[in-house]
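Enquirer: Letter by letter, the sequence shown follows residues 3 to 131 in the numbering used here. C-beta: ideal position from N, C-alpha, C; glycine also. Quick caveat, the model's predicted, so the values are computed rather than measured. First the structure, which I've put down as structure tokens, then a few questions once you've had a look.
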Amino acid sequence: MNAEGETMTPETDAVDLTDLGRMLRQRHDDTAEQLRGLREQTGSVLAGESGSGDAADVGTLAVESSEQAALAAALAEQLARLRAAVARLDAGTFGVCERCGKQVPPVRLQVMPWVTHCVPCQSAAEKRR
Ligand SMILES: [Zn+2]
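And the structure:
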């Protein structure tokens, strides 16, 4: 099957989102993997809690698991953002500002692929907070 546009270059001012999309999916998968690993660790820590008779050990484990839980929550939040961005990618609206409909600068998308607004709209939204 010949994929159309493989050798063709679109308009020069059109942003090539292929690389960004690939990067986004990679980042999504990495984050998902990281979160899974962390949850496995946290799960085993919690499961082992009752097995230890040493109160000091239990305390250390509790601190570790709450730190891991906080980290897991942060990762889960980022994963949700990345997942939403992947969904926009599939829908063909990735990189389009949800407020003004303009193309979000690719530089911005490279740093934060989950952004849904261009810089002016984002700062306008932040000022209102
Ligand atoms: Zn905008």
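Of the residues GLN105, CYS120, SER125 and ARG83, which one's Cα is nearest the Cα of LEU19?
Expert: Of the listed residues, the one whose Cα sits closest to LEU19 is GLN105.
Enquirer: Of all the options ARG101, PHE96, ALA74 and ALA75, which has the alpha carbon lying nearest to the alpha carbon of PRO122?
Expert: Considering only alpha carbons, the answer is ARG101.
Enquirer: Mind reading off the beta-carbon distance from LEU22 to GLN112? Whole number of angstroms is fine, and I expect it under 8 Å.
Expert: 7 Å between Cβ atoms; contact.
Enquirer: What's the call for SER68, buried or exposed, on a 16-neighbour Cβ count within 10 Å?
Expert: Exposed, by the Cβ-count rule.
Enquirer: Any heavy atom of ligand 1 closer than 6 Å to the CB of LYS129?
Expert: No, since every heavy atom of ligand 1 falls outside the 6 Å radius drawn around the Cβ of LYS129.
Enquirer: What first and last residue would you give for the alpha helix (DSSP H) that runs through ARG110?
Expert: ARG110 -> alpha helix (DSSP H) spans 108 to 113.
Enquirer: Using a threshold of 7 Å, state whether the C-beta atoms of VAL88 and HIS30 are closer than that.
Expert: Yes. Within cutoff.
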